[in-house]
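Be aware that the sequence shown starts at 57, since it is given in this note's numbering, and climbs by one per residue. Some notes on the structure that comes next.
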Amino acid sequence: MNSTPLQPVSLDQRGLFEAALAVQGRWSCECNFCNLFIWSGVYDTVHTGIAGRRVVCNRRVSTLLFPFGEPFEPVELEAVRAEMAERTGLRLAWGDVPQEYVTRHADALSARYAVSTTEDEDDYLLRTASVAALAGRGHQNTRRLIRRFDEHVPGWRGVPITPVNRQETLELALRADAAHPAGALSDEADALRRAFAHFDALGLEGLALAAADGALLACSLFSFTRSEIGNVHFEKADRRIPGAAQAMRVAVARHLANRCVWLNIEQDMGIPGLRRSKRSYLPERRLPRYRLEPLFT
Numbered sequence: 057m058n059s060t061p062l063q064p065v066s067l068d069q070r071g072l073f074e075a076a077l078a079v080q081g082r083w084s085c086e087c088n089f090c091n092l093f094i095w096s097g098v099y100d101t102v103h104t105g106i107a108g109r110r111v112v113c114n115r116r117v118s119t120l121l122f123p124f125g126e127p128f129e130p131v132e133l134e135a136v137r138a139e140m141a142e143r144t145g146l147r148l149a150w151g152d153v154p155q156e157y158v159t160r161h162a163d164a165l166s167a168r169y170a171v172s173t174t175e176d177e178d179d180y181l182l183r184t185a186s187v188a189a190l191a192g193r194g195h196q197n198t199r200r201l202i203r204r205f206d207e208h209v210p211g212w213r214g215v216p217i218t219p220v221n222r223q224e225t226l227e228l229a230l231r232a233d234a235a236h237p238a239g240a241l242s243d244e245a246d247a248l249r250r251a252f253a254h255f256d257a258l259g260l261e262g263l264a265l266a267a268a269d270g271a272l273l274a275c276s277l278f279s280f281t282r283s284e285i286g287n288v289h290f291e292k293a294d295r296r297i298p299g300a301a302q303a304m305r306v307a308v309a310r311h312l313a314n315r316c317v318w319l320n321i322e323q324d325m326g327i328p329g330l331r332r333s334k335r336s337y338l339p340e341r342r343l344p345r346y347r348l349e350p351l352f353t
């Protein structure tokens with residue numbers, strides 16, 4: 057197949073990615089250019105053009121993302137994988153394969169791959185209006201925690217992340233990240249720094265919660281995968297303050313309620329506390345992604 061040289065993900069190639077991503081119109085957080093760029097240093101990401109598609113390889117984890125553009129037939133998909141394996145010297149598998157593709161080509165894929173999925177990698181999709189309203193018994197605990205936050209931090213307010221408060225916001229996010237158990241969110245600090253370093257160029261947006269004296273207590277960074285889908289890349293809060301994380305999540309939903317139908321809050325990675333937190337917002341949908349491990353190499 058005709059292909060271009062392997063190259064790192066760069067800002068000046070955004071148009072190439074977004075044109076290819078628009079063909080399938082997927083909702084996965086892996087189909088968000090900001091995400092690809094932010095994490096590309098962590099995953100040693102390179103990409104190439106093959107037969108009019110954009111193919112991304114995360115070399116650190118020996119994984120190819122399902123190609124951006126018109127889907128390949130399974131026999132072509134395997135030819136692409138084999139070519140990329142030869143070029144990188146890695147035993148590559150496909151990741152982020154959409155469920156509808158696996159269903160449509162079940163027999164052909166099972167003849168070539170071990171097909172698997174895990175709920176650890178499901179994207180959680182929240183209906184923005186539901187989280188903004190926070191109505192019903194299912195959200196009772198979240199409402200209670202936000203009341204505690206109101207009591208603990210009277211006069212707090214939501215403020216946009218701007219060049220003026222950006223460094224303070226990054227420092228807050230890094231402190232919150234460091235407070236997690238060692239290894240739980242390994243490498244996230246590098247991705248955070250990359251996001252803030254290229255905040256404007258990426259077109260990122262953000263919201264922070266500030267106390268009455270201006271001190272920042274929580275923050276959230278987001279962009280849009282599609283016009284109807286906001287993707288929350290990072291959400292951090294001072295865990296010493298009860299309800300700060302919940303107040304942040306709901307503030308983002310209210311901030312975006314008139315701009316997007318869905319919030320993709322990404323995966324829980326199998327981390328128990330993160331899973332409980334994400335599920336507490338009653339996600340209306342979960343987006344499974346499949347992995348294709350070659351049977352023969």
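The beta carbon of each residue, even a glycine, is placed where N, CA and C say it ideally should be. A quick note: this is a predicted structure, and the numbers were derived from the prediction, not measured.
If the five residues before and after Asp152 are omitted, its C-beta is found closer than 6 Å to the C-beta atoms of Ser84, Glu86, Leu121, Phe122, Arg345, all from its own chain and listed in chain order. Looking at the DSSP output, Thr173 sits in a beta bridge with Tyr346. Within the region 286-329, the runs of beta strand (DSSP E) at least 3 residues long that lie entirely inside it are, in chain order, 318-320. Straight-line measurement puts the Cα of Ser186 at about 37 Å from the Cα of His103.
Rounded to whole angstroms, the gap between the alpha carbons of Arg70 and Pro64 is 12 Å. Leu181 places its beta carbon less than 8 Å from that of Leu343. The DSSP-derived three-state label of Ile94 is helix.
Selection Gly259, Glu126, Arg147, Arg335 evaluated against Gly108 yields Glu126 as nearest (Cα-Cα). Of all alpha-carbon atoms in Ser276, Ala78, Gly326, His311, the one lying nearest the alpha-carbon of Asp179 is that of Gly326.
In the DSSP assignment, Tyr180 forms a beta bridge with Arg342. When the Cα atoms are used, Phe352 and Thr144 turn out to be separated by approximately 17 Å.
Taking a contact as a CB-CB distance under 8 Å, the pair Ala309 and Thr198 does not count as one, their CB atoms being some 11 Å apart. For Leu230, the enclosing alpha helix (DSSP H) begins and ends at 222-234. For Arg295, the CB contacts under 8 Å within the same chain, skipping 5 residues up- and downstream, are Ala232, Ala235, Ala301 in chain order.
Taking a 10 Å sphere around the C-beta of Gln196, we find fewer than 16 other C-beta atoms and assign the residue as exposed.
Judged by DSSP in its simplified three-state form, Arg82 adopts coil rather than helix or strand. By the neighbour-count criterion, in which a residue is buried when 16 or more other Cβ atoms sit within 10 angstroms of its Cβ, Pro328 is exposed. In this structure the region 219-232 lies against the region 267-279, because at least three pairs of beta carbons, one per stretch, are closer than 8 Å. Short of 6 Å from the beta carbon of Ala268, and not among the five residues preceding or following it, lie these beta carbons of its own chain, in chain order: Gly211. Secondary-structure assignment with DSSP links Phe252 through no beta bridge to anything. If you look at Pro123, you'll find it in the beta strand (DSSP E) that goes 119-124.
The beta carbon of Val117 lies closer than 7 Å to those of Tyr99 in the same chain, with the five residues before and after it left out.
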